[in-house]
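Chains A and B, in that order, are what the protein sequence lines are.
Just so it is clear: in the first sequence, position 64 is 86 by my numbering, and no numbers are missing.
Just so it is clear: in the second sequence, position 10 is 32 by my numbering, and no numbers are missing.
Built from N, CA and C at the ideal position, the CB exists for glycine as well.
Since the structure is predicted, the reported quantities are computational estimates derived from the model, not experimental observations.
Number of protein chains: 2
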Amino acid sequence: MTSVSEKASLARPFAPALEKLRGAGLRPTRQRLALAKLLFDGPDRHVTAEMLHGEALRARVQVSLATVYNTLHQFTDVGLLREIVVDAERSYFDTNVGTHHHLFDENSRALHDIPECDVRLDTMPGLPAGMEVSRVDVIVRMRKA
Amino acid sequence: MTSVSEKASLARPFAPALEKLRGAGLRPTRQRLALAKLLFDGPDRHVTAEMLHGEALRARVQVSLATVYNTLHQFTDVGLLREIVVDAERSYFDTNVGTHHHLFDENSRALHDIPECDVRLDTMPGLPAGMEVSRVDVIVRMRKA
DNA sequence: GTGTTTGCAAAGTGTTTGCAATTTA
DNA sequence: TAAATTGCAAACACTTTGCAAACAC
């Protein structure tokens with residue numbers, strides 16, 4: 023049994039996460055709330071399923087890796103996350119869903135946003151009829167010199 | 023036993039492929055020659071291991087899928103191919119190793135070069151010390167409107 | 001209560017590897 | 001003949017799925 027005040031005090035740190043889930047029409051389960059908190063509290067970030075799972079466990083949140091995968095995809099489907107394909111070995115998810123580009127460290131495999139890189143695509147070549155651009159990804163790859 | 027004339031007539035269509043392998047310091051084995059011919063005869067192309075393996079079999083060239091994978095990576099290592107990360111599900115290899123960008127069809131999963139798309143990266147943000155840009159990938163993703 | 005979500009373990013996918021047999025130089 | 005290459009099958013890493021139990025509303 024959970025008292026009203028206990029619930030309120032417990033809920034407060036989860037309020038932003040709760041909003042996000044509510045707004046997206048996803049049931050605020052314990053797991054989803056905890057993952058949303060990890061993802062969206064604080065600055066933008068880039069995670070892999072494995073990373074987020076590890077963080078959750080360290081934060082004493084019981085979640086299975088399968089649920090982390092499912093949750094990341096659900097969040098992506100409702101536009102809370104953006105999936106970035108930079109590395110054939112694993113999938114990255116970005117909490118920044120606005121238009122921006124990426125800087126990938128090939129040594130550490132860390133992914134960063136490029137904040138103010140002006141990319142101009144001149145002469146976008148004619149797409150085949152009935153096709154539209156769904157997105158343009160720019161990935162600057164760096165490594166130890 | 024193979025006669026000299028038979029060898030010569032057989033070798034002619036493989037001459038460009040042979041050059042490539044020689045130049046790269048790779049032994050021209052039957053498999054590598056056949057794969058090089060499929061890859062480099064004709065216009066630039068984008069292949070996955072599965073695709074190239076299928077083609078080889080259809081052309082009555084006996085190659086195992088493992089060898090196709092190994093060969094694609096060897097070719098990539100010596101600069102004959104470039105690996106493109108566009109799809110989390112599979113790896114693409116591009117015979118065009120010059121600077122250029124890509125157009126990816128999310129429906130058919132076909133990959134194309136963008137021939138003359140001028141991409142200007144202004145204000146390349148300062149890289150961390152000791153790091154250099156190894157490459158910039160630009161991927162325009164399109165899908166059915 | 002009813003439909004949704006979870007966790008597990010099993011299955012799946014694309015890819016890599018160990019090693020004996022084969023091929024190249 | 002010595003060294004490199006191949007093919008197979010097993011191993012791999014990451015990801016998805018089937019289904020019963022747990023949960024949200």
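| said: If the cut-off is 7 Å on Cβ atoms, which residues from the segment 147 to 167 of chain A count as contacting chain B, listed in chain order? | reply: Along the segment 147 to 167 of chain A, the positions whose C-beta sits under 7 Å from a C-beta of chain B are P147, L149, G152, M153, E154, V155, S156, R157, V158, D159, V160, I161, V162, R163, M164, R165, K166, A167, read in chain order.
| message | Please state the DSSP three-state secondary structure of E77(B). | response | Three-state DSSP puts E77(B) in a helix.
| request: Compile a chain-ordered list of the residues in the segment 112 to 129 of chain A whose CB is closer than 8 Å to at least one CB of chain B. | output: So the close ones are S113, L125, D127, E128.
| message | Report the CB separation of G101(A) from V85(A) in whole angstroms; it is logged as a contact under 8 Å. | response | About 22 Å separates the beta carbons of G101(A) and V85(A), which is beyond the 8 Å limit, so they are not a contact pair.
| Is it the case that the Cβ atoms of L61(A) and T117(A) are separated by a distance below 7 Å? | Closer than 7 Å, so yes.
| Relative to the C-alpha of T70(B), which residue among S113(B), T89(B), Q53(B) is closest? | Among S113(B), T89(B), Q53(B), the Cα nearest to that of T70(B) is on S113(B).
| So what's R54(B) in DSSP terms, helix, strand or just coil? | DSSP places R54(B) in helix when its eight states are reduced to three.
| message | Just verifying my parser: in three-state terms, what is the DSSP assignment at E72(A)? | response | The DSSP-derived three-state label of E72(A) is helix.
| message | For a test of the three-state rule: what should DSSP assign to H134(B), helix, strand or coil? | response | Of the three classes helix, strand and coil, the one that applies to H134(B) here is strand, per DSSP.
| request: Buried or exposed for R82(A), please, with buried defined as at least 16 other CB atoms from any protein chain shown within 10 angstroms of its CB. | output: With fewer than 16 other beta carbons inside 10 angstroms of its own, R82(A) counts as exposed.
| task | Answer yes or no: does any C-beta atom of chain B fall closer than 7 Å to that of H100(A)? | result | Residue 100(A) is actually Val in this sequence, not His. Cβ-Cβ to chain B under 7 Å: no for V100(A).
| task | Tell me where the alpha helix (DSSP H) around H122(B) begins and ends. | result | Counting along the chain, H122(B) sits inside no alpha helix (DSSP H), nor does DSSP assign it H or E at all.
| request: Kindly identify the DSSP beta-bridge partner or partners of R163(B). | output: Its beta-bridge partners are R157(A), F126(B).
| query | Quick one: what's got a C-beta closer than 7 Å to E77(B)'s C-beta in the same chain, skipping five residues either side? | reply | Correct list, in chain order: L60.
| Rounded to a whole number of angstroms, what is the C-alpha to C-alpha distance between A58(A) and G148(A)? | Distance between the alpha carbons of A58(A) and G148(A) is about 40 Å.
| field | Neighbourhood of H123(B) by C-beta, 8 Å cutoff - its chain only, sequence neighbours within 5 removed | value | Hits under 8 Å: D135, I136, C139, V141, D159, V160, I161, V162.
| Assigned exposure category for M23(A) - 16 Cβ within 10 Å defines buried | Any reading at M23(A) is ruled out, since the residue's pLDDT is 40, under 50, leaving its predicted position unreliable.
| Looking at chain A, which residues of the segment 81 to 110 of chain B have a Cβ within less than 7 Å of any of its Cβ atoms? | Taking 7 Å as the Cβ-Cβ cut-off against chain A, the residues of the segment 81 to 110 of chain B that qualify are V107, V108, D109, A110.
| said: Once DSSP output is grouped into helix, strand and coil, what is the label at R104(B)? | reply: R104(B): strand per DSSP, three-state reduction.
| task | With DSSP as the reference, please indicate the residues paired to D63(A) in a beta bridge. | result | None, per the DSSP bridge assignment.
| field | Per-residue DSSP class, three states only, for R49(A) | value | Collapsing the DSSP output to three states places R49(A) in coil.
| query | Distance, Cα to Cα, L32(A) vs R52(A)? | reply | Annotation note: pLDDT 45 at L32(A) (below 50); position unreliable, coordinate value reported separately. For L32(A) and R52(A), the gap between their C-alpha atoms comes out near 12 Å.
| query | Using a Cβ-Cβ distance under 7 Å, would S27(A) count as near chain B? | reply | Low confidence applies to S27(A): its pLDDT is 37, below 50, so where it sits in the model is not reliable, and the reading given next is rough at best. By this cut-off, S27(A) is not an interface position.
| task | Pull up the distance between the alpha-carbon of T121(A) and that of A110(B), whole angstroms please. | result | If you take the alpha carbons of T121(A) and A110(B), they lie about 21 Å apart.
| request: Sort G152(A), R49(A), A151(A), A132(A) by Cα distance to T168(A) and report the nearest one. | output: Because chain A is modelled from 23 through 167, residue 168(A) falls outside the range shown and cannot be assessed.
| task | Can you grab the Cα-Cα spacing for the pair V155(A) / L133(B), in whole Å? | result | Answer to the nearest angstrom: the Cα atoms are 14 Å apart.
| task | Compare the Cα-Cα distances from R131(A) to each of V108(A), L40(A), M153(A) and report the closest residue. | result | Of the residues V108(A), L40(A), M153(A), the one whose Cα lies closest to the Cα of R131(A) is V108(A).
| R112(B) - DSSP class collapsed to helix/strand/coil | Looking at R112(B) - three-state DSSP - the assignment turns out to be strand.
| Do you know offhand how far R67(A)'s Cα is from M164(A)'s? | For the pair R67(A) and M164(A), the Cα-to-Cα distance works out to about 18 Å.
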